[in-house]
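*Asks:*
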Amino acid sequence: MKGSISQSSPQTLISKIVSFAMLLLPLAMTAAGMITSPCIPSMITDSIGAPATSELRRRGMLDLLPFRYSTASHSSLRSSVSDQLGVDPERLGSLHEIEAEEGKPPRRRRRRLIMQQQARSNPAAMERLQAAYDLFVCSVLAPNLALEWCSSSSDSGSLTTLAYQSMPALRVSPPSTQAMGRRHNDAVYGHQPGQLNYWLPLSASFGDNTLWVEPTTCRSEVDNTPVPLEGDFGDCFRFYGNLDYHSTRPNNTSCTRVSLDFRIVPGAIYDDDYVGSRSDTGVQKYAVGTVKRKGFYKIAMRDSDTGEWRVKPKVVG
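Under mature numbering (1 follows the signal peptide of the UniProt record, and there is no 0), the residues of the sequence shown are numbered -32 to -1, 1 to 285, in order.
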């Protein structure tokens, strides 16, 4: 199904093959030495992202967008993570010092925790994070995204559905002499081109302890010099991570950075079987979850009577 979460539209086998080939082409060209820069030519990115990337571009939604939200209304985003890590919310940035005081060895790599890893975490805290996250998406992000979707174009209908990552990634990046992860964009991992990335710091994030984003990658008309996402609890950043390269640097600050990140796809351009997201065996890696199967995405829908957004119950499957 492509073009809507609630309605299907046919896609021919030929178009799927072409889309998949265009996804692999830049990687093959890089391996063969035909592309020396990690930046993919704009003609290829346009092919990969069409029509989803084109639609986001038309609506002016590819730019890096920082904004603020109410910490009072969404304090559970940070307190649940603090409980999971066993530290006071105000001391998240000092997590490495607290662990050193407790005699724990210094972390050499970040921690990435998601809902499926509850066995190695605090299940109660993660359940609170799930509830706080769902509330944040439905009460803040979905309404704002729907408003932006309509105001940016006068020739299309309203946004009433969206697919969002089932559980955010929780990242802990302590002071280190090594960069945590490598420079990449999400297209490399097969994520669909309609996604928008969201990044929320829960502690002071600045300089070399934060995430660096190269806005509007491969668009020569815009400077794509890396930009640090600097902020604290209450700040949120949206960027087009499918093509915009992002990376971290060795954290040479005195602060641990704790953050959440996740992805949202507007329902009008969501593809529930994006060819580039299939495994070698044809299984869709980033599917919507069902009652019987955990999934990468959940669905949020706007109630036609009240206008409120809520999580759609999982279907049997």
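Each residue gets a CB set at the ideal place from its N, CA and C atoms; glycine is no exception.
Can you give me the C-alpha to C-alpha distance between serine 43 and leucine 97, rounded to a whole angstrom?
*Replies:* Going by the C-alpha atoms only, they are around 10 Å apart.
*Asks:* What three-state label does DSSP hand cysteine 223 in the structure shown?
*Replies:* DSSP places cysteine 223 in coil when its eight states are reduced to three.
*Asks:* Go through its chain and collect everything with a Cβ distance to cysteine 106's Cβ below 8 Å, but skip five positions before and after it.
*Replies:* Excluding residues within five positions, the ones whose Cβ falls inside 8 Å are Ala268, Glu276, Trp277, Arg278, Val279.
*Asks:* Can you tell me whether arginine 206 is buried or exposed? The criterion is at least 16 other CB atoms within 10 Å of its CB, across all chains shown.
*Replies:* Buried: at least 16 other Cβ atoms inside 10 Å.
*Asks:* Note down the Cα distance separating leucine 168 from phenylalanine 201, rounded to an integer number of angstroms.
*Replies:* Taking the straight line from one Cα to the other gives about 7 Å.
*Asks:* Going by the CB atoms, is the gap between arginine 151 and serine 215 shorter than 7 Å?
*Replies:* Their beta carbons are under 7 Å apart, which means serine 215 touches arginine 151 by this criterion.
*Asks:* If you draw a straight line from the C-alpha of leucine 32 to the C-alpha of leucine 197, how long is it?
*Replies:* Their Cα atoms are separated by approximately 10 Å.
*Asks:* Kindly examine the ligand NAD and report whether one of its heavy atoms sits closer than 6 Å to the Cβ of tryptophan 167.
*Replies:* Inclusion of the ligand NAD in the displayed structure is not the case, the ligand content being empty and no account of it being possible.
*Asks:* In the DSSP output, what is phenylalanine 264 paired with across the bridge?
*Replies:* Its beta-bridge partners do not exist; DSSP assigns none.
*Asks:* Helix, strand or coil for methionine 94 per DSSP?
*Replies:* Reduced to three states, the DSSP call for methionine 94 is helix.
*Asks:* So, with DSSP's three-state summary, where would you put glutamine 52?
*Replies:* Here glutamine 52 sits in helix by DSSP.
*Asks:* Compare the beta carbon distance of leucine 130 and proline 57 with 7 Å and say whether it is the shorter of the two.
*Replies:* Going by C-beta atoms, leucine 130 is not nearer than 7 Å to proline 57.
*Asks:* Beta-carbon separation of serine 144 and proline 218 under 7 Å?
*Replies:* Yes, the pair counts as a contact, with Cβ atoms nearer than the cut-off.
*Asks:* Please list the segments of the beta strand (DSSP E) lying wholly inside the stretch 106 to 188, counting only runs of 3 or more residues, in order along the chain.
*Replies:* Runs found: 129 to 133, 137 to 141, 164 to 169.
*Asks:* Going by beta-carbon coordinates alone, are alanine 92 and leucine 45 separated by less than 7 Å?
*Replies:* Result no, Cβ atoms of alanine 92 and leucine 45 do not sit closer than 7 Å.
*Asks:* Can serine 173 and arginine 225 be called in contact, C-beta distance under 7 Å?
*Replies:* For serine 173 and arginine 225, yes; Cβs fall inside 7 Å.
*Asks:* Given a cut-off of 7 Å, decide if tryptophan 117 and leucine 103 are closer than it, judged by their beta-carbon atoms.
*Replies:* Against a cut-off of 7 Å, the Cβ pair of tryptophan 117 and leucine 103 comes out as no contact.
*Asks:* Distance check for valine 251 and lysine 262, CA to CA, integer angstroms please.
*Replies:* The alpha-carbon atoms of lysine 262 and valine 251 are separated by roughly 14 Å.
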